[in-house]
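Engineer: So the sequence lines, in the order shown, correspond to chains A and B.
Mapping of the first sequence onto this note's numbering: position 39 corresponds to residue 39, and the numbering continues sequentially without gaps.
Mapping of the second sequence onto this note's numbering: position 154 corresponds to residue 154, and the numbering continues sequentially without gaps.
Just so you know, even glycine gets a beta-carbon here, dropped at the ideal spot from N, CA and C.
Here the structure is a predicted model, which means the values were calculated and not measured.
The following block contains the structure, expressed as structure tokens.
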Amino acid sequence: MNTNIIISGVGGQGILTIAAVLDTAALNENLFVKQSEVHGMSQRGGAVESHVRISDQEVYSDLIPQGKANLILSVEPMELLRHIPYLKSDGWLLTDSNPFMNIVNYPERHELYKQIKLYPHHIIINATEEAKKLGNSKVANMVLLGAASTLLPLSEESLKTAIKDLFLRKSEKVVNLNLEAFEIGKKLAQNFSEFVYS
Amino acid sequence: MKKLVLGNEALAQGAIDAGISGVYAYPGTPSTEITEYIQRSKTAKSLGIHSTWSVNEKTAMEAALGMSYTGKRSMVVMKHVGLNVASDVFMNMAVSGINGGMIVVVADDPSMHSSQNEQDSRFYGKFAMIPILEPSNQQDAYNVMHYAFDLSEELKLPILVRMVTRLSHSRAGVIFKERRTQNGIQLPVDTTQFALIPAYAKKQFEKLVSKKSLLIESSEKSTYNKLCLSKKDRSLGIITSGIAYNYVMENIDENKDFFSILKISQYPLPKEKIKEIYKHCDKILVVEEGYPLIEEVLHNYFDENDKIKGKLTGDLPLTGELNPNTVGKAAGFFQENTKNIPDIVSGRPPQLCEGCGHTDLFNAINELIPEIGNKKVFGDIGCYALGALPPLNTINTLIDMGASITMAKGAADAGLENVIAIIGDSTFTHSGMTGLLDAVYENTPITVIISDNSAVAMTGAQDSTAVGRLKSICLGIGVPPEHVKTIVPLKKNHSANVDIIRKELEYKNVSVIIAQRPCVRLSRDKKEEIKQKIAALN
Numbered sequence: 001m002n003t004n005i006i007i008s009g010v011g012g013q014g015i016l017t018i019a020a021v022l023d024t025a026a027l028n029e030n031l032f033v034k035q036s037e038v039h040g041m042s043q044r045g046g047a048v049e050s051h052v053r054i055s056d057q058e059v060y061s062d063l064i065p066q067g068k069a070n071l072i073l074s075v076e077p078m079e080l081l082r083h084i085p086y087l088k089s090d091g092w093l094l095t096d097s098n099p100f101m102n103i104v105n106y107p108e109r110h111e112l113y114k115q116i117k118l119y120p121h122h123i124i125i126n127a128t129e130e131a132k133k134l135g136n137s138k139v140a141n142m143v144l145l146g147a148a149s150t151l152l153p154l155s156e157e158s159l160k161t162a163i164k165d166l167f168l169r170k171s172e173k174v175v176n177l178n179l180e181a182f183e184i185g186k187k188l189a190q191n192f193s194e195f196v197y198s
Numbered sequence: 001m002k003k004l005v006l007g008n009e010a011l012a013q014g015a016i017d018a019g020i021s022g023v024y025a026y027p028g029t030p031s032t033e034i035t036e037y038i039q040r041s042k043t044a045k046s047l048g049i050h051s052t053w054s055v056n057e058k059t060a061m062e063a064a065l066g067m068s069y070t071g072k073r074s075m076v077v078m079k080h081v082g083l084n085v086a087s088d089v090f091m092n093m094a095v096s097g098i099n100g101g102m103i104v105v106v107a108d109d110p111s112m113h114s115s116q117n118e119q120d121s122r123f124y125g126k127f128a129m130i131p132i133l134e135p136s137n138q139q140d141a142y143n144v145m146h147y148a149f150d151l152s153e154e155l156k157l158p159i160l161v162r163m164v165t166r167l168s169h170s171r172a173g174v175i176f177k178e179r180r181t182q183n184g185i186q187l188p189v190d191t192t193q194f195a196l197i198p199a200y201a202k203k204q205f206e207k208l209v210s211k212k213s214l215l216i217e218s219s220e221k222s223t224y225n226k227l228c229l230s231k232k233d234r235s236l237g238i239i240t241s242g243i244a245y246n247y248v249m250e251n252i253d254e255n256k257d258f259f260s261i262l263k264i265s266q267y268p269l270p271k272e273k274i275k276e277i278y279k280h281c282d283k284i285l286v287v288e289e290g291y292p293l294i295e296e297v298l299h300n301y302f303d304e305n306d307k308i309k310g311k312l313t314g315d316l317p318l319t320g321e322l323n324p325n326t327v328g329k330a331a332g333f334f335q336e337n338t339k340n341i342p343d344i345v346s347g348r349p350p351q352l353c354e355g356c357g358h359t360d361l362f363n364a365i366n367e368l369i370p371e372i373g374n375k376k377v378f379g380d381i382g383c384y385a386l387g388a389l390p391p392l393n394t395i396n397t398l399i400d401m402g403a404s405i406t407m408a409k410g411a412a413d414a415g416l417e418n419v420i421a422i423i424g425d426s427t428f429t430h431s432g433m434t435g436l437l438d439a440v441y442e443n444t445p446i447t448v449i450i451s452d453n454s455a456v457a458m459t460g461a462q463d464s465t466a467v468g469r470l471k472s473i474c475l476g477i478g479v480p481p482e483h484v485k486t487i488v489p490l491k492k493n494h495s496a497n498v499d500i501i502r503k504e505l506e507y508k509n510v511s512v513i514i515a516q517r518p519c520v521r522l523s524r525d526k527k528e529e530i531k532q533k534i535a536a537l538n
């Protein structure tokens, strides 16, 4: 077993939290993990990525080779497309439909969705809206993680335990909010058939 | 049990467990988390391990050497370009040698993710003639510290540990070992070792040069330098080091029996091991992150240029970091056909945060540019360097820590008028103060704007030694009190700020404007703490 996940987004969108949950869950399942991340200048509103590699054998490279990602999980649709060269031929694309428009030449949204839909293995969900319904747009990342859980080799239980471990130092309320977001995301992915942008 | 840590954190825990009494550092990507980890560590706190930030890398390294002088173990940490700042003490302490074990950790940034060059610190280690250790993975980064401190005390030399961005900022599960107790104070047997007047320095330098064979011998028998010769296939041998080893293994994992591999993690290079793999194989591929150091040495050893492949032959790129694909291609492995990034995807460069005080300052300066003329703003290292990018385009230069003031001075000396230097608060105390004295000493007509956000913001808002001290430093250096102005860069102060900057530019001598507004990323508590500190010091 060897699973490669690229997590992408814009600095400050919570991609490292998603990575931390995946790492913790994998380590709890006694798997090998490597996870590279971006610190420093790029974090200032720039494009950021994290490479998460989970395996039952030792992982060597901290970076995922191009063409070897089983999943690209993006908190932003254009950032998803930026990482297309990493996608494995039968890999999955998963993204929040909400764009983060902090640049002047951001592409037309329908063009982005059209490009993503060229790949049959895709899931586009409005994670931000679901998070807002829960009262905190920050948990959009956990909605996406819940959606990703349907595609991962990690058990739902260990992912949830990892969420508890990570957020318990904040409060039980925060834990529950994140778990709720996870559940919603999971259901959205299970019921996903087609994303319609109007 | 395995703990999930960054390469930097593994190294930091390794240093704590190897019995350091202090870490000295100035923040710099990708090295920052090493010191931050020790600052946060409860164990380090309970053991009284020093971990407060230093003003710059040179002061940090000297302090670490002072701690080593007492017999205790010390560590100094910096990014690659920080070693340029500390190179004076670095070169000389190789000659003096150390007392308590001392490690210099330098994190290189190939691909310049957050830097202005790709310099390879291994060349500094070679230049100083000291051993270099180059871990490949997170467990290595932890283990190597125990070994490095023992080696340092055995050889009586500082040891350079080279990290790179991809190891510093990658997490994995690491197993920690038992902690060694700290050394007590035990002053050097003969202090003349540290008194480098020519008579003693000559003796020490001879000692250093004569250690070369000892150092090579240590590399030959080091378990960090591993040679595996393939009996099945002699066509290709790979010599690789540090993080590059991972990219090699990623490609050959299932076929590893068919390749001879020499993994280097300790320098100076083990010549015998290199000769062995060279003789055993038809071709040699050298895979190393950074400049072609090993490859050049190989060309010196052997006179058959067509047998050695690597960066010098164009098989691997000379710029940018390596990755599993470039390495796989060089070793002759099939690479997956991949889809290109769709054309509609636009670049998303980093930018100043919403509400950042630097932006308001740049807007004020930009308004003056039609009056004072283009290309007269000298910049420096920090978040505000993003002012060199559109849409602001305020800053024209960015070279090294402190160069804004001194380059502005040189330009003014050449006759350029209305010259502005922009420098951050922490960069100013790091390397700007001395340049300001140059300008004051010669009454050079420049206006220095210290964009003071009261933090080392770019690297994650660490404490700045400048907080509350900028005005008194400038006055102390000799800038006249009526030309040390403080402004608050806010939209509502825009026209008043433009007027103040214009007025100081009209003053044909050194003036300083402190543009003071805390970094927007600081917490409310931190901002309050800074406010009180500034009030207390003024």
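For the region 407-421 of chain B and the region 473-484 of chain B, state whether three or more C-beta atom pairs, one from each stretch, are separated by less than 8 Å.
Structural biologist: no
Engineer: Rounded to whole angstroms, what is the Cα-Cα separation between F195 (chain A) and G46 (chain A)?
Structural biologist: Along the first sequence, read from residue 1 onward, the residue named residue 195 (chain A) stands at position 195. Along the first sequence, read from residue 1 onward, the residue named residue 46 (chain A) stands at position 46. Roughly 27 Å between the two C-alpha positions.
Engineer: Please work out which residues of its chain come closer than 8 Å, Cβ to Cβ, to V164 (chain B), disregarding the five sequence neighbours upstream and downstream, and give them in chain order.
Structural biologist: The residue you call residue 164 (chain B) lines up with position 164 of the second sequence. These residues qualify, in order along the chain: P30, A107, D108, D109, P110, G242, I243, E289, G290, E321.
Engineer: Can you look up K231 (chain B) in the DSSP assignment and give me helix, strand or coil?
Structural biologist: Counted from its first residue, the second sequence places residue 231 (chain B) at position 231. Three-state DSSP puts K231 (chain B) in coil, outside helix and strand.
Engineer: Under the assumption that K156 (chain B) contacts G100 (chain B) (Cβ atoms under 8 Å), give the Cβ distance between them as a whole number of angstroms.
Structural biologist: The count along the second sequence starts at 1 and reaches residue 156 (chain B) at position 156. The count along the second sequence starts at 1 and reaches residue 100 (chain B) at position 100. About 10 Å separates the Cβ atoms of K156 (chain B) and G100 (chain B), ruling out a contact at the 8 Å cut-off.
Engineer: Which of helix, strand or coil does DSSP assign to R169 (chain A)?
Structural biologist: For the purposes of this step, residue 169 (chain A) is taken as the residue at position 169 of the first sequence. Correct three-state label for R169 (chain A): coil.
Engineer: Ignore the nearest five residues each way along the sequence and tell me which others in Q43 (chain A)'s own chain have a CB closer than 6 Å to its CB.
Structural biologist: As a working note, residue 43 (chain A) is residue 43 in the first sequence. For Q43 (chain A), where only same-chain residues beyond five positions count, the Cβ hits under 6 Å are G11.
Engineer: Relative to the alpha-carbon of S152 (chain B), which residue among B:A86, B:G71, B:Y142, B:D190 has its alpha-carbon at the smallest distance?
Structural biologist: As a first step, residue 152 (chain B) must be located in the second sequence, where it is residue number 152. Of B:A86, B:G71, B:Y142, B:D190, the residue nearest in Cα terms is B:G71.
Engineer: Kindly say whether P99 (chain A), judged by its beta-carbon, lies nearer than 8 Å to any beta-carbon of chain B.
Structural biologist: Translated into positions along the first sequence, residue 99 (chain A) becomes position 99. No, because no Cβ of chain B sits closer than 8 Å to the Cβ of P99 (chain A).
Engineer: If I measure Cβ to Cβ from G14 (chain A) and keep anything under 8 Å in the same chain, skipping five residues before and after, which residues do I get?
Structural biologist: For this step, residue 14 (chain A) is matched to residue 14 along the first sequence. The answer, listed in chain order, is V75, K138, A140, N141.
Engineer: Go to E371 (chain B), then tell me how far its alpha helix (DSSP H) extends in each direction, as first and last residue.
Structural biologist: Along the second sequence, one-based indexing puts residue 371 (chain B) at 371. Residues 357-372.
Engineer: Is there a Cβ from chain A that is less than 8 Å from the Cβ of C353 (chain B)?
Structural biologist: For the purposes of this step, residue 353 (chain B) is taken as residue 353 along the second sequence, with counting starting at 1. Taking Cβ atoms only, chain A reaches closer than 8 Å to C353 (chain B), which makes this a yes.
Engineer: If contacts are defined as beta-carbon pairs under 8 Å, then I449 (chain B) and A421 (chain B) qualify, I think. What distance do you get, rounded to the angstrom?
Structural biologist: Translated into positions along the second sequence, residue 449 (chain B) becomes position 449. Translated into positions along the second sequence, residue 421 (chain B) becomes position 421. Confirmed, Cβ separation roughly 7 Å.
Engineer: Note down the Cα distance separating S170 (chain B) from D499 (chain B), rounded to an integer number of angstroms.
Structural biologist: For this step, residue 170 (chain B) is matched to residue 170 along the second sequence. For this step, residue 499 (chain B) is matched to residue 499 along the second sequence. Cα to Cα, S170 (chain B) sits roughly 48 Å from D499 (chain B).
Engineer: If I follow the unbroken alpha helix (DSSP H) through T17 (chain A), where does it start and stop?
Structural biologist: Here residue 17 (chain A) corresponds to residue number 17 of the first sequence, with the count starting at 1. Run containing T17 (chain A): 15-28, per the alpha helix (DSSP H) assignment.
Engineer: Is C383 (chain B) close to chain A? Criterion is C-beta to C-beta, closer than 8 Å.
Structural biologist: Within the second sequence, numbered from 1, the residue matching residue 383 (chain B) stands at position 383. So yes, C383 (chain B) belongs to the interface.
Engineer: E111 (chain A) touches chain B at which residues, Cβ-Cβ below 8 Å?
Structural biologist: By one-based count along the first sequence, residue 111 (chain A) stands at place 111. Within chain B, the residues near E111 (chain A) are I344.
Engineer: Are any of the Cβ atoms in chain A nearer than 8 Å to that of R171 (chain B)?
Structural biologist: Here residue 171 (chain B) refers to the residue found at position 171 of the second sequence. Interface residue, yes.
Engineer: Which residue marks the beginning of the beta strand (DSSP E) containing Y24 (chain B), and which one marks its end?
Structural biologist: As a first step, residue 24 (chain B) is located in the second sequence; it is residue number 24 there, counting from the start. Its beta strand (DSSP E) spans residues 20-25.
Engineer: Closer than 9 Å, Cβ to Cβ, to anything on chain A: give me those residues from the region 159-187 of chain B, in chain order.
Structural biologist: Cβ contacts with chain A: T165, R166, L167, S168, H169, S170, R171, A172, G173.
Engineer: What ranges does the alpha helix (DSSP H) occupy inside the region 390-447 of chain B, keeping only unbroken runs of at least 4 residues that lie completely in it?
Structural biologist: 403-413, 433-441
Engineer: Out of B:K263, B:E62, B:K339, B:V287, which has the shortest C-alpha to C-alpha gap to A330 (chain B)?
Structural biologist: Counted from its first residue, the second sequence places residue 330 (chain B) at position 330. Closest option to A330 (chain B), Cα to Cα, is B:V287.
Engineer: Going along the chain, which residues of its own chain have a beta-carbon closer than 8 Å to the beta-carbon of V144 (chain B), five neighbours each way excluded?
Structural biologist: Looking up residue 144 (chain B) in the second sequence gives position 144. The answer, listed in chain order, is L11, G14, L133, P135, V161, Y224, S265.
Engineer: Can you tell me whether DSSP reads V189 (chain B) as helix, strand or coil?
Structural biologist: Along the second sequence, one-based indexing puts residue 189 (chain B) at 189. Coil, per DSSP.
Engineer: Counting only Cβ-Cβ distances shorter than 9 Å, please list the residues of the region 86-120 of chain B near chain A, keeping chain order.
Structural biologist: Those residues of the region 86-120 of chain B that come within reach of chain A (Cβ to Cβ, closer than 9 Å) are D109, H113, S114, S115.
Engineer: If contact is defined by three or more beta carbon pairs under 8 Å, each pair taking one atom from either stretch, is the region 485-499 of chain B in contact with the region 348-355 of chain B?
Structural biologist: no
Engineer: Would you please state the rounded distance, in angstroms, between the beta carbons of E79 (chain A) and S8 (chain A)? I believe it to be under 8 Å.
Structural biologist: Numbered from its first residue, the first sequence carries residue 79 (chain A) at position 79. Numbered from its first residue, the first sequence carries residue 8 (chain A) at position 8. Between S8 (chain A) and E79 (chain A) the Cβ distance is about 4 Å, and since that is below 8 Å, they are a contact.
Engineer: With 9 Å as the limit, tell me which residues of the region 247-279 of chain B have their beta carbon closer than that to any beta carbon of chain A; keep them in chain order.
Structural biologist: Here the close residues are Y247, V248, M249, E250, N251, D253.
Engineer: Could you confirm whether any beta carbon from chain A is found closer than 8 Å to the beta carbon of T338 (chain B)?
Structural biologist: Stepping through the second sequence from its first residue, residue 338 (chain B) is reached at position 338. Chain A, which has a Cβ nearer than 8 Å to the Cβ of T338 (chain B), makes this yes.
Engineer: For the beta strand (DSSP E) that contains D108 (chain B), what are its first and last residues?
Structural biologist: Locating residue 108 (chain B) in the second sequence gives position 108, where the first residue counts as 1. It spans 102-108 - the beta strand (DSSP E) in which D108 (chain B) sits, taken as one unbroken run.
Engineer: When the cut-off is 8 Å and only beta carbons count, does I103 (chain A) lie next to chain B?
Structural biologist: By 1-based counting over the first sequence, the position of residue 103 (chain A) is 103. Chain B contact via Cβ: present.
Engineer: Just checking my contact of F90 (chain B) with M61 (chain B) at CB under 8 Å: how many whole Å lie between their CB atoms?
Structural biologist: Within the second sequence, the letter at position 90 stands for residue 90 (chain B). Within the second sequence, the letter at position 61 stands for residue 61 (chain B). So it is a contact: roughly 6 Å between Cβ atoms.
Engineer: For the putative contact between Y113 (chain A) and Y197 (chain A), defined by C-beta atoms under 8 Å, what is the C-beta separation to the nearest angstrom?
Structural biologist: Numbered from 1 along the first sequence, position 113 holds the residue referred to as residue 113 (chain A). Numbered from 1 along the first sequence, position 197 holds the residue referred to as residue 197 (chain A). At roughly 5 Å, the Cβ-Cβ gap stays under 8 Å, so Y113 (chain A) and Y197 (chain A) are in contact.
Engineer: Am I right that G82 (chain B) and Y24 (chain B) are in contact with their C-beta atoms under 8 Å? What's the rounded C-beta distance?
Structural biologist: For this step, residue 82 (chain B) is matched to residue 82 along the second sequence. For this step, residue 24 (chain B) is matched to residue 24 along the second sequence. Actually they are not in contact, since the Cβ atoms of G82 (chain B) and Y24 (chain B) sit about 11 Å apart, beyond 8 Å.
Engineer: Work out the CA separation of G185 (chain A) and L144 (chain A) for me, nearest whole Å.
Structural biologist: Position 144 of the first sequence, counting from 1, holds the residue named residue 144 (chain A). Position 185 of the first sequence, counting from 1, holds the residue named residue 185 (chain A). For L144 (chain A) and G185 (chain A), the distance between alpha carbons rounds to 6 Å.
Engineer: Residues of chain B with CB under 9 Å from I6 (chain A), in chain order?
Structural biologist: Looking up residue 6 (chain A) in the first sequence gives position 6. The contacting residues do not exist; I6 (chain A) stays about 13 Å from chain B at best.
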